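Notes follow once the structure below has been shown.
Protein chains: 2
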Amino acid sequence: MKKSIFYHAGCPVCKSAEHDVIDLAGSDNVEIVNIGENKSRIDEAEKSGVQSVPALVTPNGNVLHINFGASMEDVKA
Amino acid sequence: MKKSIFYHAGCPVCKSAEHDVIDLAGSDNVEIVNIGENKSRIDEAEKSGVQSVPALVTPNGNVLHINFGASMEDVKA
Numbered sequence: 001m002k003k004s005i006f007y008h009a010g011c012p013v014c015k016s017a018e019h020d021v022i023d024l025a026g027s028d029n030v031e032i033v034n035i036g037e038n039k040s041r042i043d044e045a046e047k048s049g050v051q052s053v054p055a056l057v058t059p060n061g062n063v064l065h066i067n068f069g070a071s072m073e074d075v076k077a
Numbered sequence: 101m102k103k104s105i106f107y108h109a110g111c112p113v114c115k116s117a118e119h120d121v122i123d124l125a126g127s128d129n130v131e132i133v134n135i136g137e138n139k140s141r142i143d144e145a146e147k148s149g150v151q152s153v154p155a156l157v158t159p160n161g162n163v164l165h166i167n168f169g170a171s172m173e174d175v176k177a
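Here it is, written out as structure tokens:
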């Protein structure tokens, strides 16, 4: 199965959601990407439709924005 | 394992998120509750911390608000 990708930026809301997503989907099924640290992947996240973090991009390309930690503008700053 | 509860109100955003959540967590692990139809469960959802739908309440009580379909006030109307 293609993995989901969970984008976050290390914020408290992100970390809490990360635990919950891994509990739900299983750590083998989710790639975790910290776009606060790994800014080279911000562009990819935006192209996938991520508008804020934390967000989960599913294998079929849907974006689930989960709660609200930070906007992409905040992450870039 | 205790199930997660996915609250929704039948809106398009809700239905899309419902499919994604079931794909991620497995239908056996998620109870689906339509609080637009089943208004007797609105109170329970609010007490769990649900502020808008769709939302997933995890077995440990965390609330994941996923995207935004409708506020609880909209659901009650």
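Line by line, the protein sequences are chains A and B. Sequential numbering from 1 applies to the first sequence in the working numbering. Sequential numbering from 101 applies to the second sequence in the working numbering. Ideal placement from N, C-alpha and C gives every residue a C-beta, glycine not left out. As the structure is a computational prediction, the values presented were derived from the model and not from experiment.
Over what stretch of residues does the alpha helix (DSSP H) that includes ILE145 of chain B continue unbroken?
Reading the sequence as shown, one finds Ala at residue 145 of chain B and not Ile. Counting along the chain, the alpha helix (DSSP H) containing ALA145 of chain B begins and ends at 142-147.
With a threshold of 7 Å on Cβ separation, who are the neighbours of GLU46 of chain A within its own chain once the five nearest residues in sequence on each side are excluded?
For GLU46 of chain A, where only same-chain residues beyond five positions count, the Cβ hits under 7 Å are MET72.
So which residues of chain B does ALA25 of chain A contact, with C-beta pairs closer than 7 Å?
Within chain B, the residues near ALA25 of chain A are LEU124 and ALA125.
Which residue wins for smallest C-alpha separation from ALA77 of chain A, given the options A:ILE32, A:ILE22, A:PHE6 and A:ILE42?
Measuring from the Cα of ALA77 of chain A, the nearest candidate turns out to be A:ILE42.
Determine whether the beta carbon atoms of ILE35 of chain A and ILE22 of chain A lie at a separation below 9 Å.
It is not a contact, given that the beta carbons lie outside the stated cut-off.
Can you list the residues of chain B that ALA17 of chain A reaches, using a CB-CB cut of under 7 Å?
The contacting residues are LEU164.
Touch check for the region 146-160 of chain B and the region 104-124 of chain B: three-plus C-beta pairs under 8 Å?
Yes, the region 146-160 of chain B is in contact with the region 104-124 of chain B.
Go through its chain and collect everything with a Cβ distance to CYS11 of chain A's Cβ below 6 Å, but skip five positions before and after it.
GLY69 and ALA70.
Answer yes or no: do ILE66 of chain A and HIS119 of chain B have a C-beta to C-beta separation smaller than 9 Å?
In this structure, HIS119 of chain B does not lie closer than 9 Å to ILE66 of chain A by Cβ.
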